[in-house]
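Numbering (UniProt numbering), first residue to last: 1 to 408.
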């Protein structure tokens, strides 16, 4: 049974895709309701989500994340951001005049497989554009991580394995120019390759080719930092992560062995979990297996909500054996303990019905199937019940861990 300790609960959502068009009221290219970001953030405050990390998924969306954090950051809703290019968006490094965003796939794996670096100057300019964005925001305290970068072998209809591997490594090279900056990583159905790439940087390696001319950037930087990349006597570039570098494999959906492999990379390797991390019995086993002090939590909103069909749904109840999971509301089965400031859970309507509500009603109404940071308590509740721990312990430990990785 969860114990009520109202002042102990606070949440840090490390995965919020606030740049997604859904928060502008646009779904699949069609406007259904007015933008509602401010209401989304106010609901997050009600749910004690005190800090949120906005995900940069492409160069354009990274720039948008910077702007959103600047516009909406407040003492009660601290908005930070990541900068990077998601594996599903890496085509933008090789294709000119492409809108490479998470909501705009090519849907053509064969076409993606034929893509290669043919205009070296163009690709180099795009990598420099990303680097310049990072360097230009290096002094901004809201810039908290390089990411979202990694591999996604479930989505070759966005980009090929070859391009994903290439630009995962190239972005990690750029990240070494910011040796203390944490990483925000993506891994989907690719653990062996993902771990192999990261191992290279943990151990250190020399790149004799320097295909995209990173030596020029290295020469521009004060070389006094002992963990910066350096040019060797034979002209190669040597890369190695700083021993202090922390990194999080977010939205973890791998196996128990994958979990062990990822955590074994470094004592500074962590995993992030959300609703998609809880779908199956194997996922739930990973929740049991992950050490609480190596775990961060997130919504990955507007995606990755917890659904009735997921294996995790029953863990929204303090004692699911005492409830009819098809009929009973988890709010009255223990879930409300995660939300001491909310007398009853928010209403929910279809996206085309939101603007038909009054202003006061919209303040307390979410959109069906669109996740929000206010659902962080649901994520923490699942972890607490799976691990058979008080939610206050889960929330407190995860908060402290998250602040140690991404800053308070």
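Backbone N, C-alpha and C fix where the C-beta goes; we use that ideal spot for every residue, glycine too.
Return the CA-CA distance between residue i and residue j, expressed in angstroms with no decimal places.
| i | j | result |
| --- | --- | --- |
| residue 342 | residue 380 | 16 angstroms |
| residue 12 | residue 243 | 25 angstroms |
| residue 109 | residue 156 | 5 angstroms |
| residue 372 | residue 301 | 5 angstroms |
| residue 217 | residue 187 | 28 angstroms |
| residue 107 | residue 311 | 30 angstroms |
| residue 96 | residue 57 | 17 angstroms |
| residue 386 | residue 303 | 22 angstroms |
| residue 23 | residue 36 | 6 angstroms |
| residue 91 | residue 151 | 13 angstroms |
| residue 352 | residue 378 | 25 angstroms |
| residue 184 | residue 174 | 14 angstroms |
| residue 165 | residue 201 | 14 angstroms |
| residue 5 | residue 336 | Note on residue 5: pLDDT 46, under 50, position unreliable in the model; the coordinate value appears next. Looking at the two C-alpha atoms, the distance is approximately 12 angstroms. |
| residue 361 | residue 332 | 22 angstroms |
| residue 38 | residue 129 | 30 angstroms |
| residue 347 | residue 64 | 29 angstroms |
| residue 290 | residue 322 | 27 angstroms |
| residue 10 | residue 407 | 15 angstroms |
| residue 255 | residue 177 | 32 angstroms |
| residue 8 | residue 237 | 48 angstroms |
| residue 220 | residue 31 | 46 angstroms |
| residue 3 | residue 299 | The pLDDT assigned to residue 3 is 43, lower than 50, so where the model puts this residue is not dependable; a value taken from the coordinates is nonetheless given after this. Straight-line Cα distance between these residues: approximately 23 angstroms. |
| residue 369 | residue 308 | 12 angstroms |
| residue 15 | residue 71 | 18 angstroms |
| residue 400 | residue 113 | 43 angstroms |
| residue 225 | residue 358 | 56 angstroms |
| residue 227 | residue 240 | 7 angstroms |
Around the C-beta of residue i, are 16 or more other C-beta atoms found within 10 angstroms, so that it is buried, or is it exposed?
| i | result |
| --- | --- |
| residue 111 | exposed |
| residue 235 | exposed |
| residue 403 | exposed |
| residue 75 | exposed |
| residue 78 | buried |
| residue 28 | exposed |
| residue 69 | buried |
| residue 1 | Caution is warranted here: a pLDDT of 37 is assigned to residue 1, below 50, making its placement in the model unreliable, and the coordinate value is therefore given only provisionally. Residue 1 comes out exposed. |
| residue 259 | buried |
| residue 257 | exposed |
| residue 145 | buried |
| residue 51 | buried |
| residue 154 | exposed |
| residue 229 | buried |
| residue 182 | buried |
| residue 17 | buried |
| residue 391 | buried |
| residue 196 | exposed |
| residue 388 | exposed |
| residue 232 | exposed |
| residue 366 | buried |
| residue 319 | exposed |
| residue 327 | exposed |
| residue 375 | buried |
| residue 329 | exposed |
If I'm right that residue i touches residue j with Cβ under 8 angstroms, what's the distance once you round it to whole angstroms?
| i | j | result |
| --- | --- | --- |
| residue 297 | residue 272 | 7 angstroms |
| residue 212 | residue 124 | 5 angstroms |
| residue 171 | residue 66 | No, residue 171 and residue 66 are not in contact; Cβ-Cβ is about 17 angstroms, not under 8 angstroms. |
| residue 82 | residue 147 | 4 angstroms |
| residue 115 | residue 160 | 6 angstroms |
| residue 149 | residue 168 | 6 angstroms |
Using three-state DSSP, classify residue i as helix, strand or coil.
| i | result |
| --- | --- |
| residue 201 | helix |
| residue 102 | coil |
| residue 15 | strand |
| residue 339 | coil |
| residue 409 | Given a span of 1 to 408 for the chain in the structure shown, any question on residue 409 remains unanswerable. |
| residue 406 | helix |
| residue 112 | helix |
| residue 185 | strand |
| residue 151 | strand |
| residue 6 | For residue 6, the predicted structure reports a pLDDT of 44, less than 50, and the residue's modelled location is therefore unreliable. The matter cannot be settled from this model. |
| residue 37 | helix |
| residue 294 | helix |
| residue 332 | helix |
| residue 177 | coil |
| residue 320 | helix |
Identify the residues that DSSP records as bridge partners of residue i: which are they?
| i | result |
| --- | --- |
| residue 30 | 27 |
| residue 269 | 247 |
| residue 49 | 11 |
| residue 146 | 83, 183 |
| residue 256 | Its beta-bridge partners do not exist; DSSP assigns none. |
| residue 348 | 366 |
| residue 315 | Looking at the DSSP assignment, residue 315 forms no beta bridge with any residue, so it has no partner. |
| residue 231 | 237 |
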